[in-house]
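Comments concern the structure below.
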Amino acid sequence: MDTTTRFAIQDLYADYTRCVDDSCYEEWPEFFTDECLYRNVSRENFEAGLPMSALALESKAMLKDRVYGVTQTIFHAPYFQRHIVGIPKIISESDGVIVSEANYLVIRTKLDSFSEVFNAGRYIDTIVRENGRLKFRQRICVFDSELVPNSIIYPI
Amino acid sequence: MNHPQPISFVRQWRDPGSSRIPYWLYTDPEIYRREQERIFNGPHWNYVALTAEIPHAGDFKRTWIGERSVIVVRDEEGNVNVVENRCAHRATQFCQEHSGNRKDFICPYHQWSYDLQGNLQGVPFMRGIKGKGGMPADFKRENHGLTKLKVAVHNGVIFASFHPDVPDFKEFLGPTMLKYFERVFDGRELKVLGYNRQRVAGNWKLIHENLKDCYHPGLLHTWFVNYGLWRADNESQNVMDDLHRHSAMVTVRNQGGQGEATTGVSSFRADMALNDGRFLDVETEPWWDGPTAVIQSIFPSVIMQQQINSVAVRQVIPRGPKAFDYIWTHLGFADDTPEMTERRLRQANLFGPAGFVSADDSEIIGLVEEGMVQDPESETFCELGGREIADTDTHISETLIRGMYEYYRKVMEV
């Protein structure tokens, strides 16, 4: 893979992280292609080949509905989240379709409380170029965390 | 409640009925201990598994009854056994996997082995070595098996009990609850779609209350109010067993939108429109037989959910007075078309720990618990629809909650 593409992938990950950590949720769907898959799924289900997810969104339109939920309808105690994302491992690249993975750690800070590990897992991504910009056609967040502490509200 | 009041630490249930419930029931370690004794280890059936999860001989699933870890296992004869996950020798919780397949269970500490019924098979060096050591002459393996629980299997759903005098399962449910149970579990083959596991920062009783509280869905949940899935003007039935410990909340969805049920309801969003309507691509199933949602609370361990095409078993495992684990087993049926499976999966986005609707509940329960911790001697006000306990055909009632605490008070002697 050429260096320019490699840097572009790293930028994609960094921009995504900034978006979800800085609560720029309206921008979040724009990291995806119109037809896409965003899945938060436990390692338990994923490795057993079970189709159920904690959240499974199958289009940019669904991502927009999730943003509306996060910002307008889902009642929740406020929290900050901080993603620590590892350097992406490029698995394959062919015909402009890149498959890559990266470890992630999400630290949650609730008001009046300590920062704690909220969700630990791995992104499994399919990335394509659309109008000169890299976008996720698929982002599967497979989390090791056996128990979700209360709820997952914001995008991982 | 409206006047300033310093806190005290008196543990007294002041009112005679069950319409005022003291907060210390949700915070006190002594109460929690007694609940383990009289409720989770009492003469009640606790949900443990589905037969679809252990189809073959040797298949097992590990789970909990109250705080006790148990293994549900199918033996060579095809029978379902439930044994405690604790070696009879020195208490090792020997099984750590969620599920798997075994010919026997061997404790790693001293290699005591048990068959799939929980009988002790092998004890290394039972007669000693070179004539020295070993078990006393009166040692009998049959006295040292795993704890074997009572088991009830009904239409593919497995319940177990540590109590020797637990009643017959159908008697435990009673005819009304059995009818709603068999509406979902009529014997047809189930298909497990996957699990969700969450730890909720509140007392275990709060989730049963949440699913007995037919008043809140049309207020807390924007999705339910907007799309008419569950709200004040739905046609409804809220019913209990004779002892009032179990309940079913039954509702028929309507078209949603503005109306009497949205007046002054701040969660209603007149301007809300889905970008992708597939979230609510509902197909009426013949077995619903009218209601579009039935939420059944089976005291003390499980809530059975059918809400439009999403079906789930929600197991409740207490984790101290101020937390419980909520384990969702999402279901379909073996004869579902691929389209129906897809529909169930899509609608599951409303439920579970990240759900558009259910996340509201786990979050709110955390805040209720926080409020109760502030002043444990205070009490909830639970008098919507009056102080009496009776089945009702309106959602504007807290009768089901009063029913559960009427039973709870007797069992707990508080």
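Respectively, the protein sequence lines represent chains A and B. Residues in the first sequence are numbered consecutively from 1, following full-length UniProt numbering. Residues in the second sequence are numbered consecutively from 1, following full-length UniProt numbering. Quick reminder that beta carbons are idealized off the backbone N, C-alpha and C, glycines included.
Note to self: Just to make sure I have the definition right: I need the residues of chain A whose C-beta is within less than 7 angstroms of the C-beta of G194 of chain B. Which are they?
What the structure shows: For the purposes of this step, residue 194 of chain B is taken as the residue at position 194 of the second sequence. Going along chain A in sequence order, the residues near G194 of chain B (Cβ under 7 angstroms) are N45, L50, P51 and M52.
How many whole angstroms separate the CB atoms of Q347 of chain B and I308 of chain B, which I take to be in contact at a CB cut-off of 8 angstroms? Stepping through the second sequence from its first residue, residue 347 of chain B is reached at position 347. Stepping through the second sequence from its first residue, residue 308 of chain B is reached at position 308. About 6 angstroms separates the two Cβ atoms, so the contact holds.
- request: Using alpha carbons as the reference points, say which of B:R343, B:M249, B:V72 and B:N275 lies closest to I303 of chain B.
  value: Translated into positions along the second sequence, residue 303 of chain B becomes position 303. Looking at B:R343, B:M249, B:V72 and B:N275, the one whose alpha-carbon comes closest to that of I303 of chain B is B:M249.
So, is the C-beta of T5 of chain A closer than 8 angstroms to a C-beta in chain B? By one-based count along the first sequence, residue 5 of chain A stands at place 5. Closer than 8 angstroms to the CB of T5 of chain A there is not a single CB belonging to chain B.
Review point. Given 8 angstroms as the limit, is there contact between the region 22-30 of chain A and the region 67-82 of chain B, that is, 3 or more CB pairs closer than that?
Key: No: the two stretches stay apart, fewer than three of their Cβ pairs being nearer than 8 angstroms.
| query | Curious, which full-length beta strand (DSSP E) runs of at least 3 residues does the region 79-108 of chain A contain? | reply | If you keep only unbroken beta strand (DSSP E) runs of at least 3 residues inside the region 79-108 of chain A, you get 79-85 and 89-94.
- Task: List the residues of chain A that Q198 of chain B touches, going by C-beta distances under 8 angstroms, in chain order.
- Result: Counting from one through the second sequence, the residue named residue 198 of chain B turns up at place 198. In chain order: L147, V148, P149, N150 and S151.
### Task
Using three-state DSSP, classify M272 of chain B as helix, strand or coil.
Locating residue 272 of chain B in the second sequence gives position 272, where the first residue counts as 1. The three-state reading of DSSP puts M272 of chain B in coil, since its state is none of H, G, I, E or B.
Notebook entry, point to check: Quick one: what does DSSP say residue 415 of chain B is sitting in, helix, strand or coil?
Noted result: Limits of chain B in this structure are 1 at one end and 414 at the other, which puts residue 415 of chain B out of reach.
Under three-state DSSP, which class holds A248 of chain B? Start at 1 with the first residue of the second sequence, and residue 248 of chain B comes out as number 248. DSSP places A248 of chain B in the strand class (E or B) of the three-state scheme.
| said: I want to see whether chain A comes within less than 8 angstroms of R402 of chain B, judged by CB atoms only; does it? | reply: Along the second sequence, read from residue 1 onward, the residue named residue 402 of chain B stands at position 402. Output row for R402 of chain B: interface = no.
### Message
So H83 of chain A contacts chain B; which residues on that side make the cut at Cβ distance below 8 angstroms?
### Response
The residue you call residue 83 of chain A lines up with position 83 of the first sequence. Neighbours of H83 of chain A in chain B, taken as residues at a C-beta separation under 8 angstroms, are lacking, since the least C-beta distance is about 16 angstroms.
Taking only the alpha-carbon atoms, compute the straight-line gap between V225 of chain B and T63 of chain B and give it to the nearest angstrom.
Mapped onto the second sequence, residue 225 of chain B falls at position 225. Mapped onto the second sequence, residue 63 of chain B falls at position 63. Spanning the alpha carbons of V225 of chain B and T63 of chain B requires a straight line of approximately 35 angstroms.
Looking at chain B, which residues of the region 118-136 of chain A have a Cβ within less than 9 angstroms of any of its Cβ atoms? Within the region 118-136 of chain A, no residue has its Cβ closer than 9 angstroms to any Cβ of chain B.
Notebook entry, point to check: Can you tell me whether DSSP reads D325 of chain B as helix, strand or coil?
Noted result: Walking along the second sequence from the start, residue 325 of chain B turns up at place 325. The DSSP-derived three-state label of D325 of chain B is strand.
Would you say I74 of chain A reaches chain B, if we count a Cβ-Cβ gap shorter than 8 angstroms as a contact?
Numbered from 1 along the first sequence, position 74 holds the residue referred to as residue 74 of chain A. At least one chain B Cβ lies under 8 angstroms of I74 of chain A.
Y195 of chain B and S42 of chain A look like a contact to me (Cβ under 8 angstroms); what is the Cβ gap, rounded to whole Å?
Looking up residue 195 of chain B in the second sequence gives position 195. Looking up residue 42 of chain A in the first sequence gives position 42. Going by Cβ atoms, the distance from Y195 of chain B to S42 of chain A rounds to 7 angstroms, so yes, they are a contact pair.
*Within 7 angstroms of chain A by C-beta, residues of the region 350-374 of chain B in sequence order*: Across the region 350-374 of chain B, CB contacts with chain A closer than 7 angstroms involve G352, P353, A354, F356, A359, D360, S362, E363, I364, G366 and L367, in sequence order along the chain.
Exposed or buried, what is Q296 of chain B when buried is set at 16 or more other beta-carbons lying within 10 Å of its beta-carbon?
Along the second sequence, read from residue 1 onward, the residue named residue 296 of chain B stands at position 296. Residue environment for Q296 of chain B: buried (at least 16 other C-beta atoms within 10 angstroms of its C-beta).
Quiz item: Do you know offhand how far D112 of chain A's Cα is from F80 of chain A's?
Solution: Reading the first sequence from its first residue, position 112 is the one you call residue 112 of chain A. Reading the first sequence from its first residue, position 80 is the one you call residue 80 of chain A. Their Cα atoms are separated by approximately 12 angstroms.
inquiry  = Taking 8 angstroms as the threshold (C-beta atoms), are K148 of chain B and residue 417 of chain B in contact?
reply    = Residue 417 of chain B cannot be examined here, being either before or after the span of chain B that is shown, 1 to 414.
**Prompt:** Any beta-carbon of chain B closer than 8 angstroms to the one on G69 of chain A?
**Reply:** Locating residue 69 of chain A in the first sequence gives position 69, where the first residue counts as 1. G69 of chain A counts as touching chain B.
With a cut-off of 8 angstroms on the beta carbons, I'd call I153 of chain A and A359 of chain B a contact; round off their distance for me.
-> Within the first sequence, numbered from 1, the residue matching residue 153 of chain A stands at position 153. Within the second sequence, numbered from 1, the residue matching residue 359 of chain B stands at position 359. At roughly 6 angstroms, the Cβ-Cβ gap stays under 8 angstroms, so I153 of chain A and A359 of chain B are in contact.
>> Using CA atoms only, rank isn't needed, just tell me which of B:F125, B:K130 and B:D59 is closest to H98 of chain B.
In response: In the second sequence, residue 98 of chain B corresponds to position 98, counting from 1. For H98 of chain B, the closest C-alpha among the options B:F125, B:K130 and B:D59 is that of B:D59.
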